[in-house]
Each structure stands twice: as structure tokens, then as C-alpha cells.
Amino acid sequence: MSNKAIDKDLEKKLIENARADKQKFEPLYKNYKDKIQKFFYYKTSDNFISEDLTSKVFEKALNGLDNFQWQGVSFSAWLFRIARNTLIDYYRSNQHKKEEQLDEKDFQTLDYSPANLYETEISEQLIYKILQELPPRERDIIYMKFFEGYTNRVISKITGLSETNVGTIIYRTIRKIKQDYFEI
140 MSNKAIDKDL EKKLIENARA DKQKFEPLYK NYKDKIQKFF YYKTSDNFIS EDLTSKVFEK
200 ALNGLDNFQW QGVSFSAWLF RIARNTLIDY YRSNQHKKEE QLDEKDFQTL DYSPANLYET
260 EISEQLIYKI LQELPPRERD IIYMKFFEGY TNRVISKITG LSETNVGTII YRTIRKIKQD
320 YFEI
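The letter at position 29 of the sequence shown is residue 168 when you use this note's numbering, and the numbering goes up by one with no holes.
Written out as C-alpha cells, the structure is:
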């Protein structure tokens, strides 16, 4: 089931089954584990921490399954809200602020000319570095929009921002990335 989207009807049935018998939570876990772990790895760059935080998310989800309600938000969005809150708790509990230090030399060898960018693909490493320079809120929203494929509505439910505000943040962030990195 991993890496494939579950249709809403099947997802509802799986949730109802898991509510009735906690042992039946496994299909939901298998479907979403990799996505949640990938989210944490993206945020922490540490496999061990990613696995630990992923376990905490699913423990919270299993224990809070009776509180999940279908209100225009998918189970996946609910899990990501738990993941986001778990990450915040992790950083607070460790009095740890993630600060990525990027060396200027990492960018000096790259050719950002528009002609070169259109002729070659931008490497994942460059995209990662660009994203790491964004403020956390913008980074999270861009990640959810373009890497997880969430709509502005779902992102607004996860972040607590209005749908309009999410759209504005996406627009401004993309414009800033283009101006800063692609000289457009």
C-alpha cells in the first residue's frame, strides 16, 4: 500500500476498522509511514530522529484515532498536523533550534544563468539548499504544496492559516526564489 494514495472510501473503512480494533491500524501505518518519515528527514537530516519522531506520530494517531473527524480534511492532512506539532515539541524539548549553515562556496560553482537552467535540470541538492534558506513557515508550505501535492485548502487546515494567506505565501515565496536565484 505504501506510496499509493488510498481513496477516501477505503480510508474511511480502514479508520473505522482501526477504531474498532487497534490491531487493524497497520494498513494506515504502512500507507503513510514513508511520507511522514520523509517529512521528518527533510526537516532534521537525521534518520534516527526521523524514525523516532515518525513512531511518535503514529502512536499519537493511534491513541487519538477516536478524535479524528472528517471535516474536509483527509487523514493524511491530520497526520501531517500531528507530525508538525511533534516536530515543534521535539525542538522545544531539546531547546534546539534548527539552523542550517550554508557555505557561500557551495553556491559559487553553480551557473545560475537562465540559459543553463533551462538546458539542465536543477539538482536536488540545489533545491534542498534553496529551501533550507527559507524561513520555516514558508519552507513548510512550499514543501507541502510541491513535494506532497497538497492543495491550498489542505495546507490551510494543517497550518491554521487562511486559504488566501497560504496562496499569498506561496506566490511571494516563489517570486522571491526566482528573483534571488534565477535573476528573472
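Each residue gets a CB set at the ideal place from its N, CA and C atoms; glycine is no exception.
Query, Result
"Three-state secondary structure (DSSP) at residue 295?", "helix"
"Quick one, which of 283, 286, 269, 149 has its alpha-carbon nearest residue 317's?", "269"
"Where does residue 217 sit, in a helix, a strand or coil, going by DSSP?", "helix"
"Decide if residue 310 is buried, meaning its Cβ has at least 16 other Cβ atoms within 10 Å, or exposed.", "exposed"
"Could you spell out the range, first to last residue, of the alpha helix (DSSP H) harbouring residue 194?", "186 to 202"
"Quick check on this structure: which residue in 155, 223, 189 has the alpha carbon closest to the alpha carbon of residue 297?", "223"
"Evaluate residue 284 with the Cβ neighbour count: other Cβ atoms within 10 Å of its Cβ, from every protein chain shown; 16 or more gives buried, anything less gives exposed.", "buried"
"Shortest alpha-carbon distance to residue 286 belongs to which of 154, 178, 150, 146?", "178"
"Let me make sure I understand the geometry here. Which of 288, 205, 281 has the alpha-carbon closest to that of residue 313?", "281"
"Please name the residue in 191, 274, 232, 214 whose C-alpha comes closest to that of residue 155.", "214"
"Is residue 196 near residue 221, with beta carbons less than 7 Å apart?", "yes"
"Going by beta carbon distance, what residues of the same chain come within less than 7 Å of residue 148, once the five residues before and after it are set aside?", "none"
"Could you check what DSSP says for residue 229 in three-state terms: helix, strand or coil?", "helix"
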